[in-house]
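Here the protein sequences come in this chain order: A, B, C and D. Position in the first sequence (first residue = 1) + 1054 = this note's numbering. Position in the second sequence (first residue = 1) + 1054 = this note's numbering. Position in the third sequence (first residue = 1) + 1054 = this note's numbering. Position in the fourth sequence (first residue = 1) + 1054 = this note's numbering. First the structure, in the form of structure tokens, and then the observations on it.
Protein chains: 4
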Amino acid sequence: MGPRETAPEHRHSQNAFRFVVEGEGVWTVVNGDPVRMSRGDLLLTPGWHFHGHHNDTDHPMAWIDGLDIPFCQQNDVGFFEFGSDRVTDYATPRFSRSERLWAHPGLRPLSGLRDTVSSPIGAYRWECTDRALSEQLLLEEEGQPATVEPGHAAVRFVNPTTGGDVMSTIRCEFHRLREGTKTPDRQEVGSSVFQIFEGRGSVILDGKAHTLEKGDLFVVPSWVAWSLEAESEFDLFRFSDAPIIERLDFARTFIGGREA
Amino acid sequence: MGPRETAPEHRHSQNAFRFVVEGEGVWTVVNGDPVRMSRGDLLLTPGWHFHGHHNDTDHPMAWIDGLDIPFCQQNDVGFFEFGSDRVTDYATPRFSRSERLWAHPGLRPLSGLRDTVSSPIGAYRWECTDRALSEQLLLEEEGQPATVEPGHAAVRFVNPTTGGDVMSTIRCEFHRLREGTKTPDRQEVGSSVFQIFEGRGSVILDGKAHTLEKGDLFVVPSWVAWSLEAESEFDLFRFSDAPIIERLDFARTFIGGREA
Amino acid sequence: MGPRETAPEHRHSQNAFRFVVEGEGVWTVVNGDPVRMSRGDLLLTPGWHFHGHHNDTDHPMAWIDGLDIPFCQQNDVGFFEFGSDRVTDYATPRFSRSERLWAHPGLRPLSGLRDTVSSPIGAYRWECTDRALSEQLLLEEEGQPATVEPGHAAVRFVNPTTGGDVMSTIRCEFHRLREGTKTPDRQEVGSSVFQIFEGRGSVILDGKAHTLEKGDLFVVPSWVAWSLEAESEFDLFRFSDAPIIERLDFARTFIGGREA
Amino acid sequence: MGPRETAPEHRHSQNAFRFVVEGEGVWTVVNGDPVRMSRGDLLLTPGWHFHGHHNDTDHPMAWIDGLDIPFCQQNDVGFFEFGSDRVTDYATPRFSRSERLWAHPGLRPLSGLRDTVSSPIGAYRWECTDRALSEQLLLEEEGQPATVEPGHAAVRFVNPTTGGDVMSTIRCEFHRLREGTKTPDRQEVGSSVFQIFEGRGSVILDGKAHTLEKGDLFVVPSWVAWSLEAESEFDLFRFSDAPIIERLDFARTFIGGREA
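Next comes the structure, spelled out in structure tokens:
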């Protein structure tokens, strides 16, 4: 998105998210709530929420846009509607209203006791994600169970009303590997996209290694064996169609060649 | 609990919590994890977790101990076992390991994807509770939906793996009323206990008003109409057997004389 | 209930059932639907359903009445209301309307897609229960998995909208043992009542044997080890508070001294 | 399938069913259990169950084969494996073992307390379906709530362990309209296939009428308005991808132009 640009509001039944790779100073307006975008933040625009953007700075900005468009086309579930020509709120608050209401760990507002299909949290902030991953690695050093496997910290972004995925069709996670960590081979039904947020390493896909640097994207297709190797501390954002696979009972995972 | 005292470790199938009314400097050790207790904090010791306490100061300390003992006796589900004679860890960390792993809003560790019957968060800190309630009242001032009803902010303490109650038999909530707020009459199946954490006001029980001050406790028996009136900003901790009532499908609520 | 008697209609929040031990010719009217009662039938009157009875014959009749009254008193969830002075429908159809709508295996009416707290089936007929148990024993003879353990056939009465217990607080089951079968020791949280419907045998409670005959009732208190021994083919109706125990996460079972 | 033919056994992750349009005398062998196929029966071969067929007669036979192949290809979840060259059991029992264990209304074997992803019932018999539909129309004549709407009886085939759809990706239903019945316009996300099992009538698709006779198939694409009109008593088998739509939270229905 270019400097001082505005994207008009619209909504669609597709679920979408934005993961901010670079930049600062853009606000997405989701159902009237302005949400700041900063590097490392995950923003949600779940199905049928109006959304638009405006760039309040003189700098461009980059993010990953993840949608479940392929699924929605194949299955013919799409709806689309235009909203206001311009965004409805040009305010630039530090925290969105959705975060002020919902982003308190283990606390649920009594005005929000009905479970929602998508997470009511509009933005998952990098500071939080970073701290959660750091604590896992520290706990591991103290000899406590905390990581997925040795040297591999990871969090899933979840809907606080259910503890489940942020949206019905998209899973989002963040992984951090200690320098030198090598994960075991995994085979999973469903495909994933990874973005290298920080650090250097490689992915081994079906036995073949590919080196990776900050900013790289790679895809792991369904049932292809994959593993990661970290040359430095290695931070990766991941999204996938796992909620579709699991809800329709097609999930199957092998780790190190054995059913997990 | 007196100064420099230690209570030996034990466990039972009853669920329990501690809400800290007064003091500082005691650590509860739950399944080996030392949890600091400070005024306004809610601590959990779910069924069958080992727990003991030690007071690291020269001052006494006061808390509310809530158990589901009556239910467990009537239904004959109780088990009890002694553990270590002394607490197993005399460390006094600022945050328990459970908080470091779990108290990140909307983030779930990949090492904890299996839902748990009770919340894995050992302590819900007063700073968080206070901030969540303040934000609800601010959002209300900005014209946004956030409070239960005008002037009445409230949060429920929840299990982040499900979004549901912290334990299977006990619900815990915190309520804040603006000065001058009067809530409508409520009738509910199930009984509640309230503790006045801060402020002055009154409860109207079955038509009869009772004035309330900081430190007071009162009980609302099942199906007795109740409402609150706040003379000053009015902070109340509440716990109840609502999860039992709801899980067994006996729940019924009337607000202002009408089914809610 | 005596010959030609009528019991007036009423309803209460307690869940109740009737299991018919002896006799023929009484109809229970549940929410206006006349339900025939015959030996071996299980009839439900879930919480807050109006019900009354009328005996259309010159003979008395006997049944077991199971209610969750103890639980409801302890937890103060009871409501009561009188209905019509007489039963509202004196018809004596072979099958109740609830059976005609719901008692088709694996078929759900499109007019009943909303799950219900209690089973919508008003009566579970002896012919069906008997056939299901016989088939399990036949399948076992053919070498197929069908019984709980060798010589022990059993069915649970369930709510077809969920596959779960017929009511939120009461579990109902029917057990059939082949002559000579001896079941392993079981210890369970929660208490059960058994009625000997047919045959001879004994129950071993906490190591002590008690002989049993048609018509006998016995209670297995929570966590007392029990096992059954069948002198002849041995038919037992069982009800328990297991749904309460399970929904509140207090369930624990040992079979043959080991956690099951 | 031709006379005296055998189809070798195999399995795949796709879910499938067979609805028998014509004929008699074929047995499908599903995971070793021979299941008779007769006109009007619905047979299931859920994902990853081995299955083969043999025709025990000198007559051909016709059925509708429904699979979720398109979904599985798009989402790359498919697995395939060959089994025995011939079917593993040439017995021709009237009822499959799965029916003998599971097809008892409201009764669940204690050996089958774990919920299953697909229905454990191998065949839903026409006699049962027919009776359930007839009872709905009779109850309607008696002034009782039973049908979807006046003159329109319908059942959904369900998994008795959950009360939900027979398989994770496919919904199966049977509809019966009284002569002269006209249903209101419906718009639904997700597509359906109907087969005219008996009778004459028409479907109005997007305002355009198409006459229908026994044996005809028609498709209702996603979000196209449809209604039925019955010239005679009108029996229709229906299957659709509704479970996918609902589990992924894309469902939306309009009846008579209004959200239902």
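Quick reminder that beta carbons are idealized off the backbone N, C-alpha and C, glycines included.
- C/Val1075 and D/Pro1159 have their C-alpha atoms spaced approximately 21 Å apart.
- The count of Cβ pairs closer than 8 Å, one atom from the segment 1063-1079 of chain D and one from the segment 1236-1244 of chain D, stays below three, leaving the stretches out of contact.
- Rounded to the nearest angstrom, the Cβ distance from D/Val1202 to C/Leu1164 is 5 Å, consistent with a contact under 8 Å.
- As computed with DSSP, A/Asp1289 is found in a beta bridge with A/Arg1230 and A/Glu1252.
- Against chain C, a Cβ distance below 7 Å from D/Glu1189 picks out Arg1154 and Leu1155.
- Collapsing the DSSP output to three states places B/Ser1165 in a helix.
- The C-beta distance from B/Val1083 to B/Gly1106 rounds to 5 Å, short enough to meet the 8 Å contact threshold.
- CA-to-CA, the gap between C/Ala1305 and C/Leu1266 works out to about 28 Å.
- Pairwise C-beta distances place the segment 1283-1296 of chain A in contact with the segment 1213-1227 of chain A, as three or more of them are shorter than 8 Å.
- According to the DSSP assignment, A/Trp1081 belongs to the beta strand (DSSP E) that extends over Glu1078 to Val1084.
- Between B/Val1247 and B/Leu1282, the gap from beta carbon to beta carbon reaches 8 Å or more.
- Inclusion of C/Arg1230 and B/Arg1301 in the CB contact set at 8 Å is not warranted, their separation being larger than that value.
- When secondary structure is reduced to three states using DSSP, C/Ile1224 falls in the coil class, being assigned neither helix nor strand.
- By the CB criterion at 8 Å, A/Ala1200 and A/Gln1190 fall inside the cutoff.
- Counting only residues of its own chain and dropping the five nearest sequence neighbours on each side, C/Ala1145 has a CB closer than 6 Å to the CB of Pro1088.
- The criterion of a C-beta distance shorter than 8 Å is not satisfied by D/Thr1099 and D/Asp1169.
- Comparing alpha carbon positions, the residue from C/Glu1181, C/Val1080 and C/Glu1135 closest to C/Ala1157 is C/Glu1181.
- For the segment 1167-1180 of chain B, the set of positions with a beta-carbon nearer than 7 Å to some beta-carbon of chain C reads Val1171 in chain order.
- Contact annotation: C/Leu1155 and D/Leu1192 have beta-carbon atoms that are not nearer than 8 Å.
- Taking 8 Å as the CB threshold, D/Ile1298 lines the interface with chain A.
- In this structure, the straight-line span from the alpha carbon of C/Ala1208 to that of C/Gln1249 is close to 14 Å.
- Neighbours of B/Phe1211 in chain A, taken as residues whose beta carbon is under 7 Å from its own, are Gly1160 and Leu1161 in chain order.
- Between C/Leu1164 and chain D, the shortest Cβ-Cβ separation is below 8 Å.
- Counting only residues of its own chain and dropping the five nearest sequence neighbours on each side, C/Ile1298 has a CB closer than 6 Å to the CB of Thr1223.
- In the three-state reduction of the DSSP assignment, D/Ser1294 falls in the strand class.
- Excluding the 5 residues flanking it on each side, C/Leu1271 has same chain C-beta neighbours closer than 6 Å at Gln1249, in chain order.
- Ranking A/Ser1150, A/Lys1262 and A/Gly1205 by CA distance to the CA of A/Ser1092 puts A/Ser1150 first.
- DSSP, reduced to helix, strand and coil, places A/Trp1117 within a strand of the structure shown.
- In terms of Cα proximity to B/Phe1104, the closest of B/Leu1097, B/Ile1118, B/Gly1094 and B/Asn1085 is B/Asn1085.
- Interface criterion not met: the Cβ of C/Leu1282 is under 8 Å from no Cβ in chain D.
- For A/Leu1259, not one C-beta of chain D is nearer than 8 Å to its own C-beta.
- The three-state secondary structure of B/Trp1280, taken from DSSP, is strand.
- Judged by DSSP secondary structure, B/Gln1068 falls outside any beta strand (DSSP E); it is assigned neither H nor E.
- Contact between C/Gly1094 and C/Thr1183 is confirmed by a C-beta separation of about 7 Å, below the 8 Å threshold.
- D/Gln1198 and D/Asp1289 have their C-alpha atoms some 22 Å from each other.
- Going by beta carbons, B/Arg1210 and B/Ala1284 fall outside the 8 Å limit.
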